[in-house]
Amino acid sequence: MLVNALCDARVARHGWDVLTRQLLLGLRERVIVETDDVPVNSRVALHRLLEGRMRDSDERVRIESYTLKNDRCVYDLLYVAAPEAFEGGQPAFHRFVESFREE
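Just so you know, we're using this note's numbering here: the sequence shown kicks off at 23 and counts up by one.
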């Protein structure tokens with residue numbers, strides 16, 4: 023699990039397509055399983071579930087991400103695991119997402 027925040031109003035003005043492209047740099051052979059808008063902490067978040075291979079590896083990974091933004095910050099919440107182990111950690115990730123609050 024990872025959370026990343028970038029507070030720069032210029033970045034926060036980017037569209038979802040640009041933010042997604044930047045977030046997934048280095049992931050090749052991407053297969054999007056699911057993408058939708060969901061509420062997180064009273065904001066709309068872009069939710070994605072996908073699989074792919076990291077740049078320097080042949081091993082597949084499954085990634086679930088939520089991206090939120092406000093006027094000055096972009097927040098990425100990520101869970102990455104091998105596909106066969108993914109479901110084991112997903113409930114903890116969902117609890118983490120539900121508890122997320124912007125400062």
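Note that CB positions come from ideal geometry on N, CA and C, so glycine has one too. Bear in mind the structure is a predicted one, so any value in this text is a computation, not a measurement.
(request) State the start and end residues of the unbroken alpha helix (DSSP H) segment that holds P105. (result) First-last for P105: undefined, no H or E at that position.
(message) My assumption, with CB atoms under 8 angstroms, is that N71 sits in contact with V55. Please give the rounded CB distance.
(response) The sequence as given places Leu at residue 71; Asn does not occur at that position. L71 to V55, Cβ: 4 angstroms. Contact.
(message) Which residue wins for smallest C-alpha separation from R34, given the options R123, S87, V102 and C95?
(response) Note on identity: in this sequence residue 34 is Ala, with Arg being the wrong assignment. A34 has its Cα closest to that of C95, out of R123, S87, V102 and C95.
(message) Taking 8 angstroms as the cut-off, does the segment 62-71 touch the segment 84-92 (at least 3 CB pairs, one atom from each stretch)?
(response) yes
(message) So for L28, helix, strand or coil by DSSP?
(response) strand
(request) Look at the Cβ atom of E51, then the Cβ atom of G74, and state whether they are nearer than 7 angstroms. (result) yes
(message) Using the Cβ count rule (16 or more neighbours within 10 Å means buried), how would you classify V119?
(response) buried
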